[in-house]
Structure formats: structure tokens, C-alpha cells
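Input: a single structure, listed below in C-alpha cells.
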């Protein structure tokens, strides 16, 4: 590519200055159209490899899908070997996500209720007529948090351009705002700077982002599914952050030659002609998207018997897991899994499929333990299942 | 100017760069080479064989984060009042080459950004009020001297070609190099040769889409990757593409054996983690210490082929997959250096810290955030200062006291000033040196492992770095170079074999070298944790010259003593954990601790927690 082309992109990427002057120094959190469109369209710079064309790595794929079905599962941490398609898979996710409704152009992706609640609470605002507000459908946002991000861009800060040109203290929402009701993805999450980890922990716990800086005071909802990926050999995750992730998927090098030949073929095909490749997989993509939407709709109808719940509790107890987040995560994940399979009743089979994902990172670390966490969970699971059958 | 064609020797490196010029999707080329072998000359000469106008950007080692990924152009922003964005080095290299000399010395945050840019093909700028995407598809060319330390695996994983390390010492070639440098070559010849080469590459680029590779060949390459224990699946694409580019360069439309051999040499072998075995073993094998290459099995036997699909075997193929694979294994065998598993130690003999290392030592942590502060108490963070001053401009202008100021001037008061807060990137490095010699009876070894494991746990909590060195037989070995991965250290420890002599001096020496290298990367404190009975019986000489006469006891003691004193003088802290049974003890370990100026612990009495406590108080 030549220099002139690069220069062309440069200008295209530049934002047009927004000079909406307002007298005095009032705080405006009202979104501007140019920014509101950002979360959905900004990062469409190239075609992503289709999710359904990714070979193997079922554990990671299932974890991501279950999180779409029920975002309360609490995200997924994907750790494993280099070059196994971790980030490719997460970035492919955007294409199979369902749609959500939000108030038109709302920077925080709020629903009508949330919007009214947030805006009416403000001083000096006249009552808003709900009928006058337009609603739009957008795909669930996927926001990328790069390692080099600074705190002000993550949390949001004052819009310096407006401040300099017109003296208006306008709030420019950050990545946390864009990620509200969507996915927040951090590649190489184990290398994320500690101060950003603190911010994330704070927001993840409260579901709200509070900004008190440069003379502005804003709070807005920030509930998102946290997705992290990384290679454990590059460094480890802080225990508090590890605990935040609902699921922990592991990913290893595929050793099956046939599968790997397939990967190479598909990759080359995609690189040669991305559009044709996308077309080839569009049916499968739509099918998966539909299946996920159906599972989402079914979720509220899925039930679980007390005996299954007892077994889950026993499993967590036997494994010596602190707190109740283990049980809670298993329960939610098992519901989502059942819904994905089209089942209305959670059985121990569903639990068995996802127990490893839910508990792997919650076992107490014993420095002398050589047994793999997964094996340990399987062993205890077998015991619980055995007992259940014996009764 | 020294042209690409003028460079003598480094044929493999040249070949690699030509392949990259043919297919830029190979991602890049990394060239490890000793000082003075012309590695940076070759990289710069590379620019001239690329099509005219291709950007060639050199990345300075001391690059700051905002220069790397881009940010606000302050001057232009202030002049125009509109936010003006400055592209970073990564996006300036878009469509061309990003060249990094001494890539192994690049600090880890810069490496992470480069990795991120490669995997996205663009840079996300989310900083200082900016939110932008800049295109950044580039070829990365990196050169380094392995004695400065290794390049991070995560980065290597995203680069297609790694040129095998070779020391340049053919005297005829050297003579020719000298002649070239002295300019004894005809300018015209050079230009002609260069034009021809550029033509070749252009032709190869056009040939590239017409080259085909058979399924069997792809299978054979993948099978080789598995046999060599190469991590990840991304490498398959690189191997296949390298083979295709090689065929294109030869103006062929089919991939042939030599293309595949070249691909194996340039892509797979440098990433090998184990020697190929009889059967492709599905389990991940811990690297064993240097099995001699001659015990190579007759490549693949029938069993490993059992599950490869042979649906296309009916096609008219000159070679069956089995045959190709055998050929590949032969190629591998020929190329494998004796020390394949010690690649990271390829040239640990020298490694004195040069002036460059010291320059990098200037404390330069990462700019984390800004906070209000005095102008003089640190570096002023300009953008945050402006941000905090901006909203008040209107009111300040109306303020009578400021009346005399020109209209356009920004009014900044003392309260606006924000200073940068840096975080020191890496704190303490713990180098664990575990005696794995025969004298460490097996149960002792288990206790030692237990102690190390709890120390590792502790280091994990404190986010310290750890390195692991074991010593047994003739010499010490770095099992784990400095990293934050406690998991990996633990795994290495689990599979640590015992037996053989005690090369204590070798361990101290290697530990010291590791410490020095770590310091060039910003580690401020280093602590040795030695787990040994203190009874060295193999001298340094035996490590470097296996045929040397056996060192006397006095010589051994002297060696350890002078090394220990130097290490102490260099400011490395130490702790010695004595594993000797009491009644056998002749007090070697306490003596060692004393010479190192470190603390002494007696393992059979000490509880793991006590040791942990001692280390934490450091």
C-alpha cells in the first residue's frame, strides 16, 4: 500500500469538530449524534472470520454462547496456548449476537426505563414524555479494551475540544459506557495494568461507572459481560479479577492433523476472498444466531429440580469452594446450557458439561497440588453422580 | 550504501527477507545474530528490494507509549483549537516495514502493543480523550543479539519466519565482507544485480496466486509441527505460506520438497520444543535435556499415520504422505543443532552488559495516570493539565485580574497543573537455583520442591518475577527465564530430574548473567534463592571445555568464592536453603551464604512458611 492511501485513511479517520456552543459551563450528558453511532459502527474496519467457520475449541465457543444467552453468568476468561484462535473467536462473536433495544442514539445503550430513570433524576430537567422517545434496535455491542488505554478513555472524561472551544463542560463517555449491556473484551488480560484492573473490579461489582473528575460528576450504568483472554505463561491474573469471571475456558493446541489441515484451508480461503467466504458461511451464521435467540427466549421457562440443586451444592462443598458464587454460576450456566440445547429441565447431564468451566478457577490454590483442577472437578463430580444414583 | 546483493553470508536471512517481500502476510522475519554480523545492514538493505514508496519505519528502543500508538498532537491542537491526532509509529509503518534493532531489549509494554497491532492489523487508540482506529498492517523485521536476552514468545508467535541462529565465522566470507565494506565493488554491477533481484521478487509476487500445494504436503508440514512440539495452530499457516512463497520465488506452480524443507527450517525448527519421536505423542512432553541427535528414529512409523485421512490417496500423486513425511523428518534431522532445546541459551558465553544496557536503565516506568501536583515535583502531564484548565477559560477571561491577557492565550493557574505518575514496571526478580544433583536424595528433593512452591505462591501474590535454574551434571540450565508465570515454574519443577554432579559455580554464573539481563529490562532488585547442600564438585571449566582436567577441590572452592563475592558486590541479594542432612554437614552451605552475604536456612528444620517469611521480608 502506498503512502497516499495511508494519508487518505488518516483524514477519513479524523473526527469532524463538533462545535455545539452553549453558554456558561453547564454539564451536558446529552449524547451527540456523531458519538452515539460509535459503538456499533466504529470498529468495522475489516471483515471478521466467521464464528461458525472456527474449527474445534468447543469449550471456548460454548462459554461465549452461554454468556450471550444469560449475561448474568458473569463473563468468561479464555486462557491457553498461543496461536490457537482465542482473539479470532471472540472477535467473531459480534456477528452472531442478537439485537437489543435502546433509546435512539443513547451513548449508554440504555433501555427506555433506564433512560427515564437516569434523565429524570437530573436537576432542572423537565419531565420527559416517554412517547416522544424513539427506540432503535442495535446488535449487542462488543467493545475492545486495548492494553494501552488510559483511564480517562475507559471511564470517560471531559470533552477537551468542546471545553477549549466553547467552555462547555461536556462529558465524553468512555469505553465502559459503550460496553453497557454488551461485551467488554480484553485481549492479554493478564498484562492489563493494575490501575485499570482496579477500575474494572469497581465497575463490575457495582454495575455503575462513577466519574468525579475535572469538575464533572456523572454516574451511568455499566453492566457488561467481561471477556478476557491470554496466555498464562506471560503472567497471571490477579486473584480478585480471576474471581470476577463467571467461566474459565481453557484452550490448547489442536493436535489432530485433519482438523489442522481444515484450519489452514479455511484461513487461506478467507484471506483470498473474504466476501465469498462470508457468504459461504452466512447460512450457518444465521442459524446459530437464531438458535441463540431461541435459547434466550426459552431461558425463563427452564426449571431445575431441588435434587439437582442439592447435588450442585454438594459438589461445591466437597471441592471446598469458598462463598456461594460457585453454586450460583453453575446454576445459571446450566440453565443457559439447557436452553441452548432446547431442554426445559436442567439435569445433571447439563451440569456435568459445564461444571469444569464454572469451577476450574475457584478451587483453592494448593502449592503442592499436582492434580489438574479439571481432573479434580471430574473426580468429585463422579462421586456426587454416583451418590445420586445410589439413592 | 550497501545493497542487499552486496551482503555476503547470512544467506538464510536474505532468503527469509526475500520470501517476506514476496508474501507480506508472512508477518515478518526475526534475525538473531551475533554483534557485527551485519544484521542491521541487511535489514536496512531490505528496504531497497521492496517496491518504491513502501514505508520503512525504524522503531527506536526508547519509544514512548504515545509515540508508539499515537495520541494528541499538542502543538497543532493548541494552534487550531481543534483536536489534531498524531499517528503513532505502528500506523506509520502501515503497508510497509517496521524495523526493530535489538528487538529483545524492547520493553514489555511496547512488545504488547506491537503484538496487539499485528493481531488486529490496526491500532486502537483509546487514550487522553481520543478514540480512534488507525490502520497498521506491517511486516515486522527484528534483529537481535541472543546474548542480550530472548524475544518474548508471544511476539515470535505472530511472526512467520525466525532465521536459525548461526555464528558467522567462515573466513572466506569474512574477507569478502571486508571487501564489500571497503567499496571494492563496481557500483554499476551492484545496481544491475539489485534491479534483477527486484524483478525476481516482482515476478514471484505475480506467481504467488498460481502456486498450489497438495493436501498431503499440508498434512506433512502439520505432522512435522506436531512432532517438534510447536505450540499453537497459527504456525501451520506460516509454514504453508512460506513453502508457497518459496515455490513462487522459483517461478514454479507446485510446491516441491525443497520449498517444504525451507519452510521447516525457517518456521518450525526455531520453535521446536522437543526432539521428534517415533510416534507423534499427543501428550505435551516436558523438554528433556539434550538427547543426542543420532538416536533419531527412522522418522515416522506406520502407527502415526493410522488416523490421517487418506481419501485423496487415489489421486495421482508422485509421493504418498508417508513418503513426504519421511523426507521431512530427514530434513529436520539434518537441520537440528545439538542444542536445539537450549535455543534461549545459544550464546550464553559472553553477555557482558554493554553501554546500551545501562542507558536503558534510566528509570522510565510506565506513565500510568496524572495527579494534581507541583510543577517542579515531576514531569508535567500536558494534556491532563489542559483538560483541567479548559472548562474555566470563559470565566477566567471574564475575570478582571486577567484582563490584560491576549484573547487567544490559555489561562492556566497553579491548580490546573497535573504531573505524571510513573509506575516502576518490574519490581523484584527471584532467581531460584535448585540443586538437582545426585547428592540431593529423593525425599530431600521433594521438600525442596515444596519450599520453592510456597515461595512461588508468595511471589505470585506480590506480582514479582521468577526465574528457575537447575544445576546437575556438567552445567546449570535456565529452566524458566524471568517471567511472571508461577504456573510454568511449578510445572518445570514438577518434572525436574535429579542425578549427576553438582556444578555450583556454573549455576552462580548463569544466575548472575540472568540477573544482569533482567536489569537491562528494568528489574531493580534481584534475589538468588539457592536450594543446595553447597557441595559443588564440577568446575566452570568443565562446563565450557568438557575435556578439561578435573578441577581440584581448592580450585572449585576458589571459583565459587570469587563468583560469590562478585555477585554480592554487584548488589544481588541471596538466601541459601541448606538441604544437607545434619550429620553429614561440613558447613558448606552456611559458608556459601556467608560469601554471598545472604541469609542461611536449614531445610529439615525450616518450615516452608518460615522461608517464605524470610524472603518476603527482603
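Protein chains in written order, with our numbering: chain A, 1 to 391; chain B, 1001 to 1618.
Ideal placement from N, C-alpha and C gives every residue a C-beta, glycine not left out.
Closest Cβ-Cβ distance between residue i and chain A: below 7 Å?
i, result
"residue 1236 of chain B", "yes"
"residue 1126 of chain B", "yes"
"residue 1513 of chain B", "no"
"residue 1269 of chain B", "no"
"residue 1398 of chain B", "no"
Nearest-angstrom Cα distance between residue i and residue j?
i, j, result
"residue 1532 of chain B", "residue 245 of chain A", "41 Å"
"residue 384 of chain A", "residue 347 of chain A", "13 Å"
"residue 1063 of chain B", "residue 1110 of chain B", "8 Å"
"residue 363 of chain A", "residue 237 of chain A", "15 Å"
"residue 339 of chain A", "residue 352 of chain A", "15 Å"
"residue 1197 of chain B", "residue 1140 of chain B", "21 Å"
"residue 175 of chain A", "residue 157 of chain A", "11 Å"
"residue 1479 of chain B", "residue 1514 of chain B", "12 Å"
"residue 324 of chain A", "residue 204 of chain A", "17 Å"
"residue 135 of chain A", "residue 1024 of chain B", "46 Å"
"residue 1384 of chain B", "residue 133 of chain A", "36 Å"
"residue 191 of chain A", "residue 1429 of chain B", "17 Å"
"residue 1088 of chain B", "residue 151 of chain A", "19 Å"
"residue 1192 of chain B", "residue 1200 of chain B", "12 Å"
"residue 1391 of chain B", "residue 186 of chain A", "33 Å"
"residue 199 of chain A", "residue 1138 of chain B", "33 Å"
"residue 332 of chain A", "residue 231 of chain A", "27 Å"
"residue 314 of chain A", "residue 225 of chain A", "28 Å"
Quick one: is residue i buried, meaning 16 or more other Cβ sit within 10 Å of its Cβ, or exposed?
i, result
"residue 290 of chain A", "exposed"
"residue 1253 of chain B", "exposed"
"residue 1209 of chain B", "exposed"
"residue 317 of chain A", "exposed"
"residue 1251 of chain B", "exposed"
"residue 128 of chain A", "exposed"
"residue 1041 of chain B", "buried"
Considering Cα atoms alone, identify which of the options is closest to residue i.
i, options, result
"residue 295 of chain A", "A:98, A:75, A:50", "A:98"
"residue 1119 of chain B", "A:82, A:352, A:338", "A:82"
"residue 1273 of chain B", "B:1085, B:1226, B:1530", "B:1226"
"residue 1074 of chain B", "B:1094, B:1130, B:1124", "B:1130"
"residue 1246 of chain B", "B:1224, B:1048, B:1099, B:1161", "B:1161"
"residue 1417 of chain B", "B:1381, B:1126, B:1493, B:1431", "B:1381"
"residue 1266 of chain B", "B:1485, B:1032, B:1506", "B:1032"
"residue 1205 of chain B", "B:1158, B:1234, B:1249", "B:1249"
"residue 1126 of chain B", "A:155, A:343, A:254, A:104", "A:155"
"residue 1465 of chain B", "B:1454, B:1477, B:1411, B:1526", "B:1526"
"residue 147 of chain A", "B:1438, B:1561, B:1410, B:1113", "B:1113"
"residue 1066 of chain B", "B:1448, B:1017, B:1045, B:1128", "B:1128"
Suppose the cutoff is 7 Å on Cβ atoms and the five residues either side in sequence are ignored; what does the same chain contact list for residue i look like?
i, result
"residue 945 of chain B", "In the structure as shown, chain B starts at 1001 and stops at 1618, and residue 945 of chain B therefore has no counterpart that could be examined."
"residue 1452 of chain B", "1432, 1434, 1493, 1531"
Return the chain-ordered list of same chain residues with a C-beta closer than 6 Å to the C-beta of residue i, the five sequence neighbours on each side being excluded.
i, result
"residue 1271 of chain B", "1230"
"residue 1574 of chain B", "1528, 1596, 1598"
"residue 1222 of chain B", "1236"
"residue 1103 of chain B", "1142, 1144, 1151"
"residue 1092 of chain B", "1057"
"residue 1313 of chain B", "Below a pLDDT of 50, predicted positions are generally treated as unreliable, and residue 1313 of chain B, at 39, falls in that range; the measurement from the model is reported next regardless. Result list for residue 1313 of chain B: empty, nothing under 6 Å."
"residue 241 of chain A", "197"
"residue 248 of chain A", "77, 360, 361"
Using a Cβ-Cβ distance under 7 Å, would residue i count as near chain B?
i, result
"residue 28 of chain A", "With a pLDDT of only 40 at residue 28 of chain A, under the threshold of 50, the placement of this residue in the model should not be trusted; the figure read from the coordinates follows. Answer no: the Cβ-Cβ gap between residue 28 of chain A and chain B never drops below 7 Å."
"residue 173 of chain A", "no"
"residue 144 of chain A", "yes"
"residue 169 of chain A", "yes"
"residue 191 of chain A", "yes"
"residue 310 of chain A", "no"
"residue 234 of chain A", "yes"
"residue 136 of chain A", "no"
"residue 249 of chain A", "no"
"residue 105 of chain A", "no"
"residue 327 of chain A", "no"
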